[in-house]
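My numbering applies: residue 1000 is where the sequence shown begins, and numbers increase by one. Backbone N, C-alpha and C define an ideal beta-carbon position, used for all residues, glycine too. These figures come from a predicted structure and were not determined experimentally. Here is the structure we will look at, set down as structure tokens.
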Amino acid sequence: MRFFLVAALAAATSFPARAAVDCAALRQPRSEAGVIATEHAWVKALATRNAKVLSCILAPGFMDMAWNNRLHSRAEILAGLAKRPGNGIALSNMKVSLSRDRAIVRGVNTATKPDGSLLGRVRFEDIFQYRDGMWRALTAQEVLMR
């Protein structure tokens, strides 16, 4: 999804009790609106470098096929989050396909430099599963828009 902006972050497995509290706060309905809210929480977690929240959203086994054809694991993403550049992330044109406990979100991610100038745009596709009252990202893929 937005990982062309992310280097990778610090695994929150050393904070199990706090992570559980943060995860409970991310509960969303099993609906299109719930998935979209999770997408926005994901972007906010990246922007604020919040590893606890991001570890709740990214399911164990999560993989991201980034815009540059590099594959990033959940652990790599969490390990590099602290080094993530302060670039802006804006999602648009999101469309949700919902089927029981699965959702596919497709949209456009626009990245901007700290000065507001355009860094780039990617089309993304994220696949989620609804577990324990919240949407968890299973996989993400981005394609650079030219």
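Extent of the continuous beta strand (DSSP E) run through residue i
i	result
Ser1148	The structure shown has nothing for residue 1148, since the chain only spans 1000 to 1145.
Ala1058	1057 to 1064
Burial state of residue i, where buried means 16 or more other Cβ atoms lie within 10 Å
i	result
Asp1114	exposed
Leu1070	exposed
Asp1063	buried
Thr1047	exposed
Short Cβ contact (9 Å threshold) for residue i with residue j
i	j	result
Leu1143	Arg1120	yes
Glu1124	Arg1101	no
Val1095	Glu1141	no
Lys1112	Asn1086	yes
His1039	Leu1090	yes
Val1107	Arg1130	no
Beta-bridge pairing of residue i - partner residues as DSSP gives them
i	result
Lys1094	Arg1105
Glu1141	Phe1123
Ile1088	Ala1110
Val1130	Note on identity: in this sequence residue 1130 is Arg, with Val being the wrong assignment. Met1133.
Leu1117	Thr1111
Straight-line Cα distance separating residue j from residue i
i	j	result
Arg1145	Leu1117	13 Å
Ile1073	Leu1053	Reading the sequence as shown, one finds Arg at residue 1073 and not Ile. Going by the C-alpha atoms only, they are around 9 Å apart.
Thr1109	Asn1049	20 Å
Pro1059	Ile1126	13 Å
Gln1128	Trp1066	23 Å
Cys1022	Met1133	8 Å
Arg1026	Lys1051	14 Å
Arg1029	Thr1037	11 Å
Trp1041	Ile1056	7 Å
Ala1139	Gly1079	17 Å
Ile1103	Glu1075	23 Å
Pro1084	Ala1024	26 Å
Arg1135	Ile1088	20 Å
Ala1044	Lys1082	13 Å
Gly1033	Asn1068	29 Å
Endpoints, alpha helix (DSSP H) assigned at residue i
i	result
Ala1040	1031 to 1046
Residue i Cβ short of 8 Å to the ligand NAP heavy atom set
i	result
Ala1044	With respect to the ligand NAP, the structure offers nothing, as it holds no ligand at all.
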